[in-house]
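Colleague: Shown below is the structure under consideration.
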């Protein structure tokens with residue numbers, strides 16, 4: 014939903030009143046309400062993508078744990094405990 018809001022300055026109208034009128038018109042159009050409702054929308058991840066990402070994370074953690082056991086890196090270097 015895209016709504017262009019146009020407000021023209023009346024004679025003898027100061028900038029503050031013009032801004033107030035514009036703000037009221039924007040609020041009345043419902044644009045802000047629509048945008049704010051979608052602000053924190055998170056796209057649903059498909060099960061296959063989630064599974065693939067989980068497997069990648071497990072593989073990565075396994076490699077890091079192996080390097081720690083071999084003494085090639087310390088837990089502090091990687092941020093693990």
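Residue numbers (this note's numbering): 14 to 94. From the three backbone atoms N, C-alpha and C, an ideal C-beta is built for every residue, glycine too.
1. What is the residue span of the alpha helix (DSSP H) that residue 84 lies within?
2. Please state if the CB of residue 31 and the CB of residue 22 are separated by a distance shorter than 8 Å.
3. If you reduce the DSSP assignment to three classes, tell me which class residue 17 lands in.
4. Once you ignore the five residues that flank residue 40 on each side, which residues in its own chain have a CB closer than 6 Å to its CB?
5. Can you tell me where the alpha helix (DSSP H) with residue 13 in it begins and where it stops?
Modeller: This is what the structure holds:
1. Position 71 of the chain shown, counting from 1, holds the residue named residue 84. No alpha helix (DSSP H) holds residue 84; DSSP gives it neither H nor E.
2. Taking the first residue of the chain shown as position 1, residue 22 is located at position 9. Taking the first residue of the chain shown as position 1, residue 31 is located at position 18. A contact, by the Cβ cut-off of 8 Å.
3. Along the chain shown, one-based indexing puts residue 17 at 4. Assignment of residue 17 by DSSP, reduced to helix, strand and coil, places it in the coil class.
4. Here residue 40 is taken as the residue at index 27 of the chain shown, counted from 1. Nothing meets the Cβ criterion.
5. The structure shown does not extend to residue 13, since the chain is modelled only from 14 through 94, so no value can be given for it.
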